[in-house]
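Peer 1:
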Amino acid sequence: MWSKKEPVILWTTAYAPLLVLMIGGFLYRNDLLPSGMRRESLTALLGGRTWIAEAVFLLIVLAGSLLLYRAVIRSLLRGSERKLRSHNGGRLYAVRRFEKLPASDYTFFLMTLLLPRLALDYSSMTNFAVSLLMIVFIIAVFVKTDTIATCPLFFVSGYQVYKGTISQHTLEEEKADKELRKEVVLLVRAKDLDLGEKYRGEQVTGKIYMLGGSPESEKS
Numbered sequence: 001m002w003s004k005k006e007p008v009i010l011w012t013t014a015y016a017p018l019l020v021l022m023i024g025g026f027l028y029r030n031d032l033l034p035s036g037m038r039r040e041s042l043t044a045l046l047g048g049r050t051w052i053a054e055a056v057f058l059l060i061v062l063a064g065s066l067l068l069y070r071a072v073i074r075s076l077l078r079g080s081e082r083k084l085r086s087h088n089g090g091r092l093y094a095v096r097r098f099e100k101l102p103a104s105d106y107t108f109f110l111m112t113l114l115l116p117r118l119a120l121d122y123s124s125m126t127n128f129a130v131s132l133l134m135i136v137f138i139i140a141v142f143v144k145t146d147t148i149a150t151c152p153l154f155f156v157s158g159y160q161v162y163k164g165t166i167s168q169h170t171l172e173e174e175k176a177d178k179e180l181r182k183e184v185v186l187l188v189r190a191k192d193l194d195l196g197e198k199y200r201g202e203q204v205t206g207k208i209y210m211l212g213g214s215p216e217s218e219k220s
């Protein structure tokens with residue numbers, strides 16, 4: 001199970017593209033880059049079409065971020081995957097309900113990712129420092145509140161992210177005690193799950209559970 005370190009890594013990586021764009025913009029606008037990459041040099045080289053260099057830089061950041069996302073999330077989930085594949089860890093859970101997370105759950109992250117970049121002039125040291133502090137604060141809030149399910153790294157992990165209900169008990173036992181069911185977030189390879197079947201699951205952190213890809217033979 002994750003400690004606080006893994007969520008910090010997760011969210012810091014999620015904001016890595018914004019951090020790179022902020023730092024790059026600050027250095028570029030204040031002529032702090034090597035001479036060949038400064039505005040005057042690029043203007044002369046590209047005949048005034050500096051937007052070409054900016055577009056190439058943006059594409060490099062996006063491609064690099066995608067590779068970084070995949071590397072980090074696979075590294076963080078490797079231990080849980082290994083336990084589920086070997087059947088040496090986790091427990092059997094029946095899936096009672098599952099559904100995709102609504103798009104509204106991702107709104108806050110998207111706003112915090114886009115607004116600082118669009119609204120502020122990063123030629124100013126003050127704006128740059130304030131934006132950096134805002135990102136640090138937001139990451140701290142996400143980690144403190146165990147907000148992990150909406151992290152974009154899961155989109156490139158190869159896993160589906162669902163809200164769902166799981167249980168280790170039979171339907172009869174659950175009717176007698178509804179507290180036996182758990183409302184969780186599920187990470188699964190499969191795009192569909194058989195309700196009521198038993199899947200081997202591993203708690204990643206908080207309410208995040210990873211489930212094996214195929215149901216086990218035991219039923220509730």
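Numbering (the working numbering), first residue to last: 1 to 220.
From the three backbone atoms N, C-alpha and C, an ideal C-beta is built for every residue, glycine too.
Computed from a prediction, not measured in an experiment: that's the story for all the values here.
Closest by CA to PRO215, which one among VAL156, PRO17 and TYR93?
Peer 2: What you label residue 215 is simply residue 215 of the sequence shown in a count that begins at 1. Looking at the Cα atoms, TYR93 is the closest of the given residues.
Peer 1: Quick test of your reading: ARG181 and THR165, contact by CB under 8 angstroms. State the CB separation rounded to the nearest angstrom.
Peer 2: As a first step, residue 181 must be located in the sequence shown, where it is residue number 181. As a first step, residue 165 must be located in the sequence shown, where it is residue number 165. Sure, about 5 angstroms apart at Cβ, within 8 angstroms.
Peer 1: Within 10 angstroms of its Cβ, does LEU62 collect 16 or more other Cβ (buried), or is it exposed?
Peer 2: In the sequence shown, the residue the question calls residue 62 occupies position 62. The residue in question, LEU62, is exposed, as its Cβ has fewer than 16 Cβ neighbours within 10 Å.
Peer 1: Return the Cβ separation of ARG91 and GLY201 in integer angstroms, given the expectation that the two are a contact with Cβ distance under 8 angstroms.
Peer 2: Here residue 91 is taken as the residue at index 91 of the sequence shown, counted from 1. Here residue 201 is taken as the residue at index 201 of the sequence shown, counted from 1. The Cβ separation is near 6 angstroms, so the contact holds.
Peer 1: Considering only residues of the same chain and omitting the five flanking positions on each side of TYR15, which have a CB-CB separation below 6 angstroms?
Peer 2: Translated into positions along the sequence shown, residue 15 becomes position 15. The answer, listed in chain order, is ILE135.
Peer 1: Specify, as a first and last residue, the run of the alpha helix (DSSP H) that ALA21 falls within.
Peer 2: What you label residue 21 is simply residue 21 of the sequence shown in a count that begins at 1. The sequence shown places Leu at residue 21, not Ala. Its alpha helix (DSSP H) spans residues 16 to 29.
Peer 1: If you scan the region 45 to 126 from start to end, which runs of the beta strand (DSSP E) of 3 or more residues do you find wholly inside it?
Peer 2: As far as the region 45 to 126 is concerned, its whole beta strand (DSSP E) runs of at least 3 residues are 91 to 100.
Peer 1: Could you say which of GLY79, VAL95 and PHE98 lies nearest to GLY89 if we only look at CA atoms?
Peer 2: By 1-based counting over the sequence shown, the position of residue 89 is 89. For GLY89, the nearest C-alpha among the options comes from GLY79.
Peer 1: Over the uninterrupted beta strand (DSSP E) stretch that includes LEU187, give me the two end residues.
Peer 2: The sequence position of residue 187 within the sequence shown is 187, counting from 1. 182 to 188 is the span of the beta strand (DSSP E), which, as asked, contains LEU187.
Peer 1: Thinking C-beta only, is ARG74 closer than 8 angstroms to SER167?
Peer 2: Taking the sequence shown and counting its residues from 1, the one referred to as residue 167 is at position 167. Taking the sequence shown and counting its residues from 1, the one referred to as residue 74 is at position 74. Cβ distance not < 8 angstroms, so SER167 and ARG74 don't count as in contact.
Peer 1: Which class does LYS191 belong to by DSSP, given the choice of helix, strand or coil?
Peer 2: In the sequence shown, residue 191 corresponds to position 191, counting from 1. The answer is coil: DSSP assigns LYS191 none of H, G, I, E or B.
Peer 1: I'd like the span of the beta strand (DSSP E) that includes GLU202, first residue to last.
Peer 2: Locating residue 202 in the sequence shown gives position 202, where the first residue counts as 1. Note, GLU202: beta strand (DSSP E), 197 to 205.
Peer 1: Are the CB atoms of LEU101 and VAL56 nearer to each other than 8 angstroms?
Peer 2: Here residue 101 refers to the residue found at position 101 of the sequence shown. Here residue 56 refers to the residue found at position 56 of the sequence shown. In this structure, VAL56 does not lie closer than 8 angstroms to LEU101 by Cβ.
Peer 1: Since LYS163 is in the beta strand (DSSP E), which residue starts that stretch and which ends it?
Peer 2: Looking up residue 163 in the sequence shown gives position 163. Residues 160 to 167.
Peer 1: By Cβ distance, which residues of its chain are closer than 8 angstroms to ASP194, with the 5 residues on each side in sequence left out?
Peer 2: Here residue 194 is taken as the residue at index 194 of the sequence shown, counted from 1. Closer than 8 angstroms at Cβ, skipping near neighbours: VAL95 and PRO215.
Peer 1: How is ILE208 classed by DSSP in three states: helix, strand or coil?
Peer 2: Looking up residue 208 in the sequence shown gives position 208. Three-state DSSP puts ILE208 in a strand.
Peer 1: Using 8 angstroms as the threshold, is the C-beta distance between CYS151 and TRP11 below it?
Peer 2: To locate residue 151, count along the sequence shown from 1; it is residue 151. To locate residue 11, count along the sequence shown from 1; it is residue 11. The answer is yes: Cβ separation under 8 angstroms.
Peer 1: Go to GLU179, then tell me how far its alpha helix (DSSP H) extends in each direction, as first and last residue.
Peer 2: Taking the first residue of the sequence shown as position 1, residue 179 is located at position 179. Where GLU179 is concerned, there is no enclosing alpha helix (DSSP H), given that its DSSP letter is neither H nor E.
Peer 1: Measure how close the beta-carbons of LEU6 and THR205 come, nearest whole angstrom, since I'm counting them as under 8 angstroms.
Peer 2: Within the sequence shown, the letter at position 6 stands for residue 6. Within the sequence shown, the letter at position 205 stands for residue 205. The amino acid occupying residue 6 in the given sequence is Glu; Leu does not appear at that position. Their Cβ separation, rounded to whole angstroms, is 7 angstroms, which keeps GLU6 and THR205 in contact under 8 angstroms.
Peer 1: Report the partner residues of GLU216 according to the DSSP bridge assignment.
Peer 2: One-based indexing of the sequence shown puts residue 216 at position 216. Paired residue(s): LYS198.
Peer 1: Hey, would you say THR13 sits closer than 8 angstroms to LEU84, going by beta carbons?
Peer 2: Here residue 13 refers to the residue found at position 13 when the sequence shown is read from its first residue. Here residue 84 refers to the residue found at position 84 when the sequence shown is read from its first residue. Contact flag unset, no.
Peer 1: Find the nearest neighbour of SER123 within the set ILE23, LEU45, ALA71 and GLU40, judged by alpha-carbon distance.
Peer 2: For the purposes of this step, residue 123 is identified with residue 123 of the sequence shown, where counting begins at 1. Comparing Cα positions, the closest option is ILE23.
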